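The structure appears below as structure tokens.
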Amino acid sequence: MAEPLRSLSVPTQRYVAAVIAGAALVAVCSPHRRPDVEVALILIAAAMSLVPPLASPTGGISIPNLAPVIVIAVCWTPSEALIGIGVGTLIGQRHFRRSERWRAWLNGAVLGLSAMGASWVAHRILAATTVSIESISIAALAALVTLRVLNHGLLAGYLSLRFQRRFFAEWHKNALRNWSSQLLSVPMAVVVYALWVTLKQGVPAGLVLTALSALSVPLARQELVYYYASKATLAATVDAVMVALDGAVPGSRNHGERVSALAVNVGQRFGIREHRLLALGLAGRLHDVGILAPASTASLSAHAALGARMLAPFPDPTVAEMVRSHHDPWRGRRATATADAALGGHILTAVEVYDSARAGLAPFAHAHSAEETAALLRARAGADLDPTVVPVVLEVVRRTPPAAP
Amino acid sequence: MSPLGSGALLRFLGAATACLVAIVAVPLSAPGGTGRLIATVLVTALSVAALEEMPIMLPPAGTLPMTASVTLTTLALFGWATVSMGIVGAAAIRLLARPVGHVASRAVLELLLVTAAAGASAVVLVPSVGRTASIVIVGTLVYGLGRTVLAAEQLHRRDSLGRVRALSFLGHATGLHLLVFGGVAGVVALGTLVFPLRLWAPGIAAVFTLQLYLPRIVRGREDEHAVAATAVLANAVDAKDPYTADHSADVAALCRRLARHLGQTEARAHRIYLAGLLHDVGKIAVPDNILLKPAPLTSEERLVMVRHVEDSVQVVQSIPGLSDVVPMVAASHEHLDGSGYPRGLRGDEIVLGARINLVVDAYSALTTNRPYRAARSPEAALAEIETHAGTEFDPQVVAALRLAVAPPAASDARRPRPRWVALLRGLRAAYPRPRR
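Going down the list, the protein sequences come from chains A and B. So this note's numbering is basically just the index in the first sequence, starting at one, shifted up by 117. So this note's numbering is basically just the index in the second sequence, starting at one, shifted up by 9.
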């Protein structure tokens, strides 16, 4: 999809032009002492652009290039980082990835400026302290923080002008995304710099080490490809189970999808952690899988137990546990966020009752209106539904009316 | 999504905090003093514990812990005593969250390997690279060899994989990673050699390894989930028929063993395993009254049964990442002589995965109770299948089935004692210990 610069709004065009001009101005005015280093860094950064980005299923793209950029920021001077990464990214994106010209220029300017800032901060710290493992670590950490803040600040300006997103919300959200794994991009810079200092081999050794660290980009990307493929396989396999379920009891597929979405939404309100939310979503979709067994018609709890047995292969045992308990009456134990599995079970129970009542599924004879269902849930809260969960369910439902059953 | 599980993340943060505490405590002690030693051991222990909690997935062998990078770093920089204390400390930390047996066996294994590495690197010196680098190189080789051999033995015991095959598979699967761990240890040990406060080094090695392997760990977890979802799908199929509980899982496991006996690669054997799980997935669409009918089927009902193969293919086709399994599922009811369904393929037109599947499915059906007849003994089932070898079944696969099924029956009985035990007992009987 070609997007010429002219198709953007005028303020966006001006912003893009200003960022590029700013970067160019800084690049021209900054001192250039080692042109050989700059050329080498340009080559390394352009080579990193050979690795195409990956569309991530959660939206946006992912390029695992953070670690080598921090290595460059720590090892080389600010102006070298700006020229190397800025021009390298521009050349790489323009010639290897065939991006539009303005986009390659913008990405180069943004990444180059952020790397320059990171490098400046890291070098201030390194100059102010005697070189030791601690000072290198702190410098690399500071470089990471600066890089993230600058990069996402500049990009947030572009996004908020172009798509009318809120500037600070966008900046804050993106700069903090995946912060735990971002932190893990620091050690490579520490190791590379420490090794370089120890070897005392001068500029060529440093450039070789930097180039080696850039090798992590294609390796990490390959793993990401496998990761997304496995994710797609998982989703499609669960889908196949849902189709089978729908064949056995028509309508149970949509019921499962709705329960899953609502349960995850409620779980988020309770602050359940991300990987437990995944388990909760799976349990929500698959909670009625037990009805596939002919013996499950005997009782409500029988299909829950059968379903849990079928879900036993999942490496996370909470999936099966939540499904097993999804028809258990609440027994007076308050749910806390620390006991994720128990809380997930309570949420699933309440959400299940809510959706069954709304859609008129067993054990309810007919579809209830939203008000009737709310009254029903309130009446049962504290009796057989968790009283801390019910208000949250009703609150979430009130805010996001689900699709008509 | 945070790719680190939150438990792992908390442990990781805890380790970082403890490292900071250790670093603050260190200047209070003289260099080379007890305080410095305690701090080093603490950092090593936390690093080893963190890495033990986040192993790489290596299907089907299980997992490979990445502890080598830390233990080899500590070994090169601080010596055997420190690293041993670190491993014991890591076991103590892990006991907070894990059962004793699991932790102890891992710790003993690690101690053994590190001790072997230390011994070898004390004896063998690689010339002209310096002492530290020499320890890392020799240590990596000994450690890697030891771990591969021991893991192969475990695989041999657990999955009845031939020893040589297990070793060669693991050599491929783990060799590169163990070299990377050694490389990390070498880089970190050399890089921190000149700095006065080197006790950070094991921690840096741990975090650096994590950085390199985080995408792989995350991918491994997702992989595991995807395979688990396939097993759930198979369970859902089996649940329709009370007589076939665990049928798909059993068939799949046996398919994998046969594939190994027939010399397939481990990756190929895994695909055949998945095909075994999914071979009857279309049965989900077959009505219960036909599926559960306690008598042979009428021709009309047979037609419905036949159509389930197409349904199976459709389901498997809808799952991306299983496209190579589709031909195996599509041909899983074809006979060697062309008398099978739905397409009447013959001989080599049928892929190996499907030929294996047919034999194993027949064996499994013969050895389980059915509404209209009782289960047969394994031996009777084998004999029955062998009468059709060459017509319905591939004779090679049938031969492999006999090999794969017969040994466990023998090994269920007590193993014969090794000859040296008998010899010793004979000696003891001949020369009874004199009583005081």
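Backbone N, C-alpha and C fix where the C-beta goes; we use that ideal spot for every residue, glycine too. Treat the numbers as computed from the prediction; the structure is a model and nothing was measured.
Are the segment 304-324 of chain A and the segment 262-275 of chain A in contact at 8 angstroms, needing three or more beta carbon pairs? no
Under a three-way DSSP split, which group does A/Leu332 fall into? coil
B/Ala198 and B/Ala129 - do their beta-carbons sit closer together than 9 angstroms? no
Can you look up A/Thr247 in the DSSP assignment and give me helix, strand or coil? coil
Count the C-beta pairs between the segment 370-377 of chain A and the segment 351-359 of chain B that are closer than 8 angstroms, then say yes if the count reaches three, no if not. no
Using a Cβ-Cβ cutoff of 9 angstroms, what residues of the segment 283-306 of chain A are near chain B? List them in chain order. Asn295, Trp296, Ser297, Ser298, Leu300, Leu301, Ser302, Val303, Pro304 and Met305
Between B/Glu233 and chain A, is any beta-carbon pair separated by less than 9 angstroms? yes
Is B/Leu202 close to chain A? Criterion is C-beta to C-beta, closer than 9 angstroms. yes
Classify A/Val507 as buried or exposed, calling it buried when 16 or more other Cβ atoms lie within 10 Å of its own Cβ. buried
What's the C-alpha gap between A/Thr129 and A/Leu278? 6 angstroms
Return no unless some Cβ of chain A is closer than 9 angstroms to the Cβ of B/Ala142. no
Determine the direct distance from the alpha carbon of B/Ala175 to that of B/Leu436, and round the result to whole angstroms. 37 angstroms
What residue does the beta strand (DSSP E) around B/Met75 start on, and which one ends it? Premise fails: B/Met75 is in no beta strand (DSSP E) and is neither H nor E.
Of the choices B/Ala77, B/Pro108 and B/Ser137, whose alpha-carbon is the least far from that of B/Asn154? With the sequence shown as reference, residue 154 of chain B is identified as Leu, and Asn is not the correct amino acid for it. That would be B/Ala77, whose Cα lies nearest to the Cα of B/Leu154.
Check whether the segment 279-287 of chain A and the segment 206-213 of chain A touch, using three or more Cβ-Cβ pairs below 8 angstroms as the test. no
When Cβ atoms are compared, which residues of the segment 372-384 of chain B fall closer than 7 angstroms to chain A? none
Give me the DSSP bridge partner(s) of B/Phe402. B/Ala398
DSSP beta-bridge partners for A/Ala498? A/Leu502
Under 7 angstroms Cβ to Cβ from B/Asp333, same chain only, skipping five residues before and after it: list those, please. Arg280
Quick check on B/Gly349: does DSSP put it in helix, strand or coil? coil
Just to confirm, is the Cβ distance from A/Leu395 to B/Ala238 under 9 angstroms? no
Which of the residues in the segment 207-221 of chain B, read from start to end, lie with their CB under 8 angstroms from any CB of chain E? As a matter of chain content, chain E is missing from the structure shown, whose protein chains are A and B.
In whole angstroms, what is the alpha-carbon distance linking A/Glu287 and A/Arg265? 13 angstroms
How is the alpha helix (DSSP H) around B/Leu104 delimited, first residue to last? Counting along the chain, B/Leu104 falls outside any alpha helix (DSSP H), and DSSP gives it neither H nor E.
Could you say which of A/Ala496, A/Val468 and A/His483 lies nearest to A/Val510 if we only look at CA atoms? A/Val468
Terminal residues of the beta strand (DSSP E) in which B/Ile65 lies: Ile65 to Leu67
For A/Trp193, the first and last residue of its enclosing alpha helix (DSSP H): No alpha helix (DSSP H) contains A/Trp193, which DSSP labels as neither H nor E.
Neighbour-count burial assignment, B/Leu312, 16 or more Cβ in a 10 Å radius: exposed
For A/Phe285, count the other beta carbons within 10 Å of its own beta carbon; 16 or more makes it buried, fewer makes it exposed. Which is it? exposed
Nearest chain A C-beta to B/Arg225 closer than 9 angstroms, yes or no? yes
Please return the same chain residues whose Cβ sits closer than 6 angstroms to the Cβ of A/Thr246, not counting the five positions on each side in sequence. Ser252
Give me the DSSP bridge partner(s) of B/Gly71. B/Leu67
Flag this pair as touching only if the segment 49-63 of chain B and the segment 171-186 of chain B have three or more C-beta atom pairs under 8 angstroms; answer yes or no. no
In chain A, which residues lie less than 8 angstroms from B/Pro329 when you measure between Cβ atoms? Ala346, Ala349, Thr350 and Ala353
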